[in-house]
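To start, the structure under review is shown below, and the notes come after it.
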Amino acid sequence: MPDEQIKHVVCGVIFNEYGQVLVGRRRAGVDYANSLEFPGGKVEHHETHEQALIREFEEEVGITVANFKLIYEQRVNGTSEPFHIYFYLIKDFFGQPYGAEGQEVFWLNVDEIDYNRFPPATQLLIQNFILTNNYLNEIYG
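Under my numbering, the first residue of the sequence shown is numbered 1, with each subsequent residue one higher.
Here is the structure:
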């Protein structure tokens, strides 16, 4: 399937002033229910990735995001259909995150991350970017 026909998904990785990363718990009834995820969602046909990221963060966790950079992307053969996922490092956000769609949302210490608690499409990002502390260079470098 050509890439332009594949669903695009954007996710954001945010760290707070204590070095914790924002995660949500996937709700029951969806693929990988109860696993952890970085907030985000599908890109609508009329949106850029950046517009979708801003919209998804407002809808899902009630915050406004700004100053973000693409850090990782991957084509995934999902359980129902293939998709392309894009992860952005978000450097600035405004507001207090909460589960605006009824999901659990919380800050997680980086040293407490178990990448096996995340869907497979996220595990390489965690192994190669977060657990290696490469995100520090992107934030402070």
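Note that CB positions come from ideal geometry on N, CA and C, so glycine has one too.
Is it the case that the Cβ atoms of residue i and residue j are separated by a distance below 8 Å?
| i | j | result |
| --- | --- | --- |
| LEU108 | VAL21 | yes |
| GLU58 | THR64 | yes |
| ILE71 | GLU138 | yes |
| GLY19 | PHE68 | no |
| HIS98 | VAL105 | The sequence given here places Tyr at residue 98; His does not occur at that position. Result yes, Cβ atoms of TYR98 and VAL105 sit closer than 8 Å. |
| HIS84 | HIS49 | no |
| TYR86 | VAL10 | yes |
Using DSSP with H/G/I as helix, E/B as strand and the rest coil, what is residue i?
| i | result |
| --- | --- |
| VAL43 | coil |
| LEU118 | The sequence shown places Phe at residue 118, not Leu. PHE118: coil per DSSP, three-state reduction. |
| ILE14 | strand |
| LEU36 | strand |
| LEU131 | coil |
Rounding to the nearest angstrom, what Cα-Cα distance links residue i and residue j in this structure?
| i | j | result |
| --- | --- | --- |
| LYS91 | GLN127 | 20 Å |
| VAL76 | ILE130 | 20 Å |
| ILE113 | LEU124 | 13 Å |
| GLN5 | PRO120 | 22 Å |
| GLU37 | ILE14 | 12 Å |
| LEU89 | ASN133 | 13 Å |
| GLN51 | ALA28 | 27 Å |
Nearest to residue i by alpha carbon, out of the options?
| i | options | result |
| --- | --- | --- |
| THR122 | ILE6, GLN51, GLN74 | GLN74 |
| GLY41 | ALA28, ASN34, GLY24 | GLY24 |
| SER80 | GLY19, ARG26, GLY12, TYR32 | TYR32 |
| ARG26 | PHE87, GLU101, VAL76, HIS45 | GLU101 |
| LEU136 | GLN103, ASN34, VAL110 | VAL110 |
| PHE118 | PHE94, PHE93, SER35 | SER35 |
| GLY95 | LEU89, GLN103, ALA28, GLU60 | GLU60 |
| GLY62 | PRO82, LEU89, ASN134, GLN103 | GLN103 |
| GLU17 | PHE93, THR132, ASN134 | PHE93 |
Start-end ranges of the alpha helix (DSSP H) lying completely within the stretch 44 to 109, minimum 4 residues: 49 to 61
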